[in-house]
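S.K.: So that you can map any letter, position 173 of the sequence shown is 1576 in the working numbering, and since no number is skipped, the others follow by simple counting.
For each residue, glycine too, the CB sits at the ideal point set by N, CA and C.
Computed from a predicted structure; not experimentally measured.
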Amino acid sequence: MKKKFLTALLIAATLCLSACSDEEVFTNPDELSGQNEEAVVVEEPVASEDVETISVDDEQAENGSIRQRGVAGYVDGSIYRNEFFGIQYSPAMGYAFLSADDIEKIGNLSSELLDDESIKESLESGQTVIDFLLTDVLMQNSVTCTLGKMADDSFTTEEIEARIDELVPVLTQVYESKGFENLICEHSEITFLEKETPCISISGSFSGTDIKMVQIFLVKDGYSATITVQADTDEKISTLTSVFSNLE
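#1: Is it true that the segment 1476-1495 meets the segment 1618-1626, where meeting means three or more beta-carbon pairs spaced less than 8 Å apart?
#2: When the distance is taken between beta carbons, is leucine 1586 closer than 8 Å to tyrosine 1578?
#3: Should the segment 1637-1644 be called in touch with the segment 1554-1566, which here means at least 3 C-beta pairs below 8 Å?
#4: Buried or exposed: where does glycine 1611 fall if 16 or more other Cβ atoms within 10 Å of its Cβ makes it buried?
#5: Would you tell me roughly how many angstroms separate the C-alpha atoms of aspartate 1555 and isoleucine 1506, rounded to the nearest one?
#6: Considering only DSSP beta bridges, list what phenylalanine 1647 is partnered with.
#7: DSSP has isoleucine 1533 in a bridge; who is on the other side?
#8: State yes or no: is the C-beta of threonine 1575 within less than 8 Å of the C-beta of threonine 1631?
#9: Taking a contact to mean a Cβ-Cβ separation below 8 Å, would you say glycine 1476 touches lysine 1523 in this structure?
#10: Find out if the Cβ-Cβ distance for the pair phenylalanine 1620, isoleucine 1563 is shorter than 8 Å.
#11: Taking the C-alpha atoms as reference points, what is the distance between lysine 1581 and leucine 1537?
#12: Within a Cβ cutoff of 6 Å, which residues of the same chain sit near serine 1591, ignoring the five residues on either side of it in sequence?
#13: Just verifying my parser: in three-state terms, what is the DSSP assignment at threonine 1560?
#14: According to DSSP, is serine 1502 helix, strand or coil?
#15: What is the DSSP secondary structure of glutamate 1527, counted as helix, strand or coil?
#16: Among Val1617, Gly1607 and Ser1606, which one has its Cα closest to the Cα of threonine 1594?
#17: Could you please give the first and the last residue of the uninterrupted beta strand (DSSP E) stretch that includes methionine 1616?
#18: What residue range is occupied by the uninterrupted beta strand (DSSP E) comprising glycine 1607?
#19: Taking only the alpha-carbon atoms, compute the straight-line gap between serine 1606 and isoleucine 1614 and give it to the nearest angstrom.
#20: When the cut-off is 8 Å and only beta carbons count, does threonine 1644 lie next to chain B?
#21: Any idea what DSSP makes of alanine 1663, helix, strand or coil?
#22: Need the endpoints of the beta strand (DSSP E) that alanine 1628 sits in, please.
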């Protein structure tokens, strides 16, 4: 189940707002995840009492991962901060950030392992980069922040709702092709940073397990941050989303 969960999760994370401007999304949705259901299953994250031990070590400090790098954020102790998008995230008890190595094991780029220029080149070439991936111990609930580059540098927050309407049928096609049943994918709203924010709401069943997701989009200066929150209940999604705050 973990293997299939990670497949579904990373499809969602990779199919971010910026991808909707790429014609290939509409013709080759199966290629978006960069993986198949034989993805490597990562080690379980640490238990809640160990969350504070997931801190930036000396090696990470030396390679610059503790500072803001362009659009990428960083994890400082147990808090994620992104100065470019002006957000921060402090996990609830029982949740932990996956390491950069584990993110790469499941076939995705982690911003933590890339330097400034590599992040820029990856985004400019149309790739998506995972800025953080947070899960509970059982990997049943998660939060992912994915960075992307918009095709149109002048794209604004006001245009997000129209882009969401374009992306909904694409997501529907992708999830149905991956075996989701009773799928509902729609334009919705959720409270984010203390205000009602447009999002994509997804619900359905996958291999007998009910899955709910929301995707929230931030855009700035031609770049996007796609926040994917996945849980088994609407209440948990609301709780996981509410932990985001404006950067202090």
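M.R.: Looking at the coordinates:
#1: yes
#2: yes
#3: no
#4: exposed
#5: 28 Å
#6: Tyr1492
#7: Ser1513 and Thr1549
#8: no
#9: no
#10: yes
#11: 23 Å
#12: Cys1602 and Ser1604
#13: helix
#14: coil
#15: helix
#16: Val1617
#17: 1612-1623
#18: 1598-1609
#19: 6 Å
#20: Absent from the structure is chain B; it holds one protein chain and no more.
#21: Coverage of the chain is limited to positions 1404 through 1651, which leaves residue 1663 absent and any answer about it impossible.
#22: 1626-1634
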